[in-house]
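Quick notes on the structure that follows.
Chains as they are written, first to last, in my numbering: chain Y, 18 to 498; chain R, 18 to 498.
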């Protein structure tokens, strides 16, 4: 008999029918009650084994982690918290799981232990929930953009261009370290490398996406990006997924509107679809916070926090206003910040961003119009600024507990201004000929942003370490699996 | 006034309203008729300029490729093939395009020239259509799996594991070629590299996806994969996107059913959504085929070919049957094959695959149960085969004009058989500890396949070179942009 997924069995009100289910044993109580899970939902189905008529040998093999196939009658359940259960008539052990050796015991494991067993942690309730939420968020991303006529663009992962300057890059090569081909001057001869030039892993698909936006109008990327930075923090990965929409004819205001609407849509979609998983994660967070001193606990539960984002406008604040707020803030006056804010032009640190979002505004904040010299070359220079106080049409979205979740800008559409900026920053024009072509031929106002997908998953799941929201995290000294 | 997308203007029957449109000039005829495109559709909207009341200087700047903003009245069109047009009251040049210098002239360019201008080729009708179709196919992939309860898994791009053996790998490193850290024995000291070990770009996410399937049940990947192979053909890329579903409890038959259903769904979805783009590409292919001798032309048009796939079952043929057919085929007897088929066990070349698909069966073909020694280590060994004729539960789907589009298998779920196979092939067990854990703990029958996304896009668009269906192709000696 074809097996039925557990999510469908649990939603089935037609009891007394014969059914087959396959899955993995989560627990086996009293030699009688199997909690069976197949990943289709966080909920297990209870399978009641007729232990008197089941061989002892089979009963012994019903252990945590074992794969089994059960057939029997779907019955209304007497137990609490479940509508139906299976009265088992036949059970087959598909794959054993030696209880002595199986690393995932039915108890609480540390997150660090689970990271070392990333191939098995997905068998826990928490990681099942996290990864189902991640998958749903991914789909929401595509659906949002596709419904609105955006085209998905796969920008290159291996790139010969390193001008974006978003961070340190990994080298991609087919050249050997021993007997590396050399030029007459003794330099590495990249002409003999696979691509005939030096290549790296992309840090952003933005520049390529811009060329597509200037033809298709509205595009987005959603793919892996990389940073070879030795940041061993709970917010950084060497390999992470990024979403980068780019829209022709959008100015910075339209860009902010898009980002806010987009974030709300994908959160709403996920709250609607993943209620059970989010309820579990909310409970998990609550338990975790009980370990903390009262003052450090969240004021809101996970779902309250998500609904708060959905129900409130993001606060839009210019960099200049933000500096005023920070300069006059208590932690600045009491010298509690590690980096005191003294004057306009200071780069904001995460302590400042957190103050603004978590203490001052207590809601997501969009900071915009940053000083030109702390932002990237391609951002649109504002007109009519004071000399020495030039700003660009940049925006960052800051989230409570997460910090920067989005970085975006209106792009500099004026060829002469862009070229001048590149010269000042020693960005070689000849390597960027194709990017400059978008300004040479049919240039127009356009804007876009990048959203670090894992930071969004962190926010929605209430997890606190970014290594726990991507299946196999890549961090300094760690590329296992 | 907020501009309206051209696709919405063309679908608008409410004429006589004042509208604004933004886009790029495709052509400007008789100093009067602008064909304006904004990428939202392959169709242009005609904008009729009142040339007598427009400054000469502005008229001169309405050139192919220029970005413009037009405002005026939406009118029923007198022209053929268009329902509405804009009677322009105001036109603003947003970005000039010097007609002398703009590479994309309103004429036919060679595909090779367009590849060298991959940042601008998207401004042509053909590439606009191809990339809209690609985007739609991508979304269909996600929708198919998500509707059926599959979870999207992002398997790692940078991998420390190179056992999959699907092909040559690119090295990923942060070590320098000059002054490379060395061990005492003079070997490269990868402990000092970013990840503390040798790392490469993934060739497949399958092994990691299997670990997820053994917990979530049904999963799929859709991400970039890499081959450092010097294949300068029209079917190979160094960087391409692959879709890899993996399903617990599926045997090979269920795997074939899934693959066939999946392919039909995404093609149907795209035929339904991208009618105008596909009609254009069909016409394009027809024109191209006119250059060919009659005998080499397709018997079917593009849409006929797509509908043929939708309407017919894929022919399922065992490797053994296929060898019989090939051995007795005319090209084999007349020694027309470059590789003659003499006996069971021969690896099939693309000439054989093409014969089976294009000449013998004339429909998509699923070959299954291949000789064990020409397939990967993780494939399920068939029971009860003759000694020396061991086969594995592998399947390849072959498409007319494309060749192999899917490769998949039921996976070897038996720990002892798998370990023995790995030993025979010198695959180090200790590096694959995590993969073997899936067989140690709760193992079960499971299956999956990989579909090369660009080959699917080739088939659906009727293009013949894989470099023309990905925005910025990566091939030997080419990583521009």
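Backbone N, C-alpha and C define an ideal beta-carbon position, used for all residues, glycine too.
A quick note: this is a predicted structure, and the numbers were derived from the prediction, not measured.
Below 9 angstroms on C-beta distance, what does residue i contact in chain C?
i	result
residue 149 (chain R)	Although the question refers to chain C, the structure presented lacks it and instead comprises the protein chains Y and R.
What first and last residue would you give for the alpha helix (DSSP H) that runs through residue i?
i	result
residue 276 (chain Y)	269–290
residue 225 (chain Y)	223–233
residue 440 (chain Y)	432–441
residue 150 (chain R)	142–164
residue 421 (chain Y)	Element bounds for residue 421 (chain Y): not the alpha helix (DSSP H) but the beta strand (DSSP E), 420–427.
residue 130 (chain R)	128–133
residue 452 (chain Y)	450–457
residue 78 (chain R)	Segment: none, residue 78 (chain R) is in no alpha helix (DSSP H) and carries neither H nor E.
residue 25 (chain Y)	23–27
Less than 9 angstroms separating the beta-carbons of residue i and residue j?
i	j	result
residue 111 (chain R)	residue 460 (chain Y)	yes
residue 367 (chain Y)	residue 420 (chain Y)	yes
residue 128 (chain R)	residue 31 (chain R)	no
residue 216 (chain R)	residue 191 (chain Y)	no
residue 169 (chain Y)	residue 160 (chain Y)	no
residue 429 (chain R)	residue 395 (chain R)	yes
residue 224 (chain R)	residue 178 (chain R)	yes
residue 412 (chain Y)	residue 276 (chain Y)	yes
residue 298 (chain Y)	residue 44 (chain Y)	no
residue 233 (chain Y)	residue 288 (chain Y)	no
residue 209 (chain Y)	residue 198 (chain Y)	yes
residue 451 (chain R)	residue 187 (chain Y)	no
residue 231 (chain Y)	residue 41 (chain R)	yes
residue 453 (chain R)	residue 436 (chain R)	yes
residue 502 (chain Y)	residue 115 (chain R)	The structure shown does not extend to residue 502 (chain Y), since chain Y spans only 18 to 498, so no value can be given for it.
residue 473 (chain R)	residue 154 (chain R)	yes
residue 247 (chain Y)	residue 427 (chain Y)	no
Can you tell which of the options has the C-alpha that lies nearest to the C-alpha of residue i?
i	options	result
residue 425 (chain R)	R:108, R:262 and R:337	R:262
residue 165 (chain Y)	Y:232, Y:237, Y:199 and Y:185	Y:237
residue 416 (chain R)	R:42, R:475, R:189 and R:59	R:475
residue 332 (chain R)	R:377, R:482, R:208 and R:230	R:377
residue 387 (chain R)	R:407, R:158 and R:369	R:407
residue 122 (chain R)	R:138, R:231 and R:132	R:138
residue 341 (chain Y)	Y:353, Y:357, Y:329 and Y:327	Y:357
residue 35 (chain R)	R:46, R:48, R:21 and R:47	R:21
residue 240 (chain R)	R:247, R:226, R:71 and R:258	R:258
residue 135 (chain Y)	R:473, R:455, R:486 and R:485	R:455
residue 226 (chain Y)	Y:167, Y:243, Y:205 and Y:300	Y:167
residue 38 (chain R)	R:471, R:107, R:269 and R:270	R:107
residue 414 (chain R)	R:483, R:390, R:330 and R:355	R:330
residue 345 (chain Y)	Y:316, Y:369 and Y:54	Y:369
With residue i as the anchor, note down where its beta strand (DSSP E) starts and where it stops.
i	result
residue 475 (chain Y)	Taken as a continuous stretch (DSSP letters only), residue 475 (chain Y) belongs to no beta strand (DSSP E), being part of the alpha helix (DSSP H) at 470–478.
residue 216 (chain Y)	216–218
residue 385 (chain Y)	382–388
residue 414 (chain R)	408–416
residue 88 (chain Y)	84–93
residue 104 (chain R)	101–112
residue 257 (chain Y)	256–265
residue 189 (chain Y)	188–190
residue 405 (chain R)	Careful: residue 405 (chain R) lies outside any beta strand (DSSP E) and carries neither H nor E.
Next item on the list: Evaluate contact between the stretch 145–158 of chain R and the stretch 126–145 of chain Y, counting only Cβ atoms and requiring at least three cross-stretch pairs below 8 angstroms.
Entry: Counting Cβ pairs under 8 angstroms, fewer than three are found: no touch.
Checklist line | In chain order, each beta strand (DSSP E) run of at least 3 residues that lies wholly inside the stretch 42–71 of chain R | finding: 50–54 and 62–65
Notebook entry, point to check: Is it a yes or a no for the stretch 443–460 of chain Y touching the stretch 246–265 of chain Y, going by three-plus beta-carbon pairs under 8 angstroms?
Noted result: Touching, no.
Next item on the list: Would you mind listing the alpha helix (DSSP H) stretches within the stretch 289–377 of chain Y that are 4+ residues and don't spill past its ends, in chain order?
Entry: 292–307, 319–328, 336–344, 347–350 and 367–371
Checklist line | Cβ contact check for the stretch 79–88 of chain R and the stretch 474–492 of chain Y: 3 or more pairs under 8 angstroms | finding: no
Check: Between the stretch 169–178 of chain R and the stretch 304–313 of chain R, do three or more beta carbon pairs fall short of 8 angstroms?
Finding: no
Check: Do the stretch 372–383 of chain Y and the stretch 397–410 of chain Y touch if we need at least three Cβ pairs shorter than 8 angstroms?
Finding: no
Next item on the list: Pair every Cβ in the stretch 21–30 of chain R with every Cβ in the stretch 278–289 of chain Y, then say whether three or more of these pairs are closer than 8 angstroms.
Entry: no
Check: Counting Cβ pairs closer than 8 angstroms, one from the stretch 296–306 of chain Y and one from the stretch 456–473 of chain Y, do we hit at least three?
Finding: no
Check: Should the stretch 46–66 of chain Y be called in touch with the stretch 96–112 of chain Y, which here means at least 3 C-beta pairs below 8 angstroms?
Finding: yes
Check: Do three or more CB pairs link the stretch 283–297 of chain Y to the stretch 49–59 of chain Y at distances below 8 angstroms?
Finding: For the pair of segments examined, the stretch 283–297 of chain Y was found to touch the stretch 49–59 of chain Y: the number of CB pairs separated by less than 8 angstroms reaches three.
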